[in-house]
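Following the UniProt record's numbering, the residues of the sequence shown are numbered contiguously, the last one being 143.
Cβ coordinates follow ideal geometry from the N, Cα and C atoms, glycine included.
Treat the numbers as computed from the prediction; the structure is a model and nothing was measured.
Worksheet: one structure, shown below.
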Amino acid sequence: MRTTSFQTLAWLIMGSTGSAPGVLRLTHGRLAFEAHGRGALTLGQLRALEQRGNAPGLARHLGDGGVASLFDGPASQVKFPWYYFGGGMKLSVGGNPYRFSFLQPQNTRLPAELYDVPGIAGEIGSGRAAGRAWRAALTGASA
Numbered sequence: 001m002r003t004t005s006f007q008t009l010a011w012l013i014m015g016s017t018g019s020a021p022g023v024l025r026l027t028h029g030r031l032a033f034e035a036h037g038r039g040a041l042t043l044g045q046l047r048a049l050e051q052r053g054n055a056p057g058l059a060r061h062l063g064d065g066g067v068a069s070l071f072d073g074p075a076s077q078v079k080f081p082w083y084y085f086g087g088g089m090k091l092s093v094g095g096n097p098y099r100f101s102f103l104q105p106q107n108t109r110l111p112a113e114l115y116d117v118p119g120i121a122g123e124i125g126s127g128r129a130a131g132r133a134w135r136a137a138l139t140g141a142s143a
């Protein structure tokens, strides 16, 4: 990995329409995601995150609009599928799979506290640029 510290806005994707906004951060080889509220996640998806992270109360906390760290650890199995058109990625942290989009899903609103986060990817061009930057940061591939 070339980059030691990097962060952008990202949406955790679950199922076909579930998503939660937050900050995806890489620091010295460790990847972390901090979710800001429930976004468009269903109660079932929130409970799945709660079980995945062994974090009792997470579903209620995010459902109430809270901020929570969903994971912090080394990433593995990082993939940038062609069908994400450069605007997303799949990876695993602690043996748990995660999918991310760098483009804001149509069924979500961006929380006000995230307006100043680098890499706001509301447009296709900026979302694909964030994808290229993450590919370079995580795989060493040329941006």
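In this model, Leu58 and Ile124 are separated by some 31 Å (Cα to Cα). For Ser76, the uninterrupted beta strand (DSSP E) segment begins and ends at 75-79. Remark: three or more beta-carbon pairs, one from each stretch, lie closer than 8 Å, so the segment 71-80 and the segment 31-38 are flagged as touching.
Of the residues assessed, Phe80 falls on the buried side of the cut-off, its CB having 16 or more other CB atoms within 10 angstroms. Only residues of its own chain outside the window of five on either side were considered, and among them Phe33, Glu34, Ala35, His36 have a CB closer than 6 Å to the CB of Gly22, listed in chain order. Burial is judged here by how many other beta carbons sit within 10 angstroms of a residue's own beta carbon; Arg38 has at least 16 and is buried. Distance from the CA atom of Ala130 to the CA atom of Val67, rounded to whole angstroms, is 22 Å. Secondary structure of Thr8 (DSSP, three-state): strand. Check the Cα spacing between Arg132 and each of Val93, Trp82, Pro111: the tightest is with Trp82.
In summary, Ser19 is buried, with 16 or more beta-carbon neighbours lying within 10 Å of its beta-carbon over all protein chains present. The beta-bridge partner set that DSSP reports for Ser19 consists of Ile13.
The C-alpha of Ser101 lies about 13 Å from the C-alpha of Leu110.
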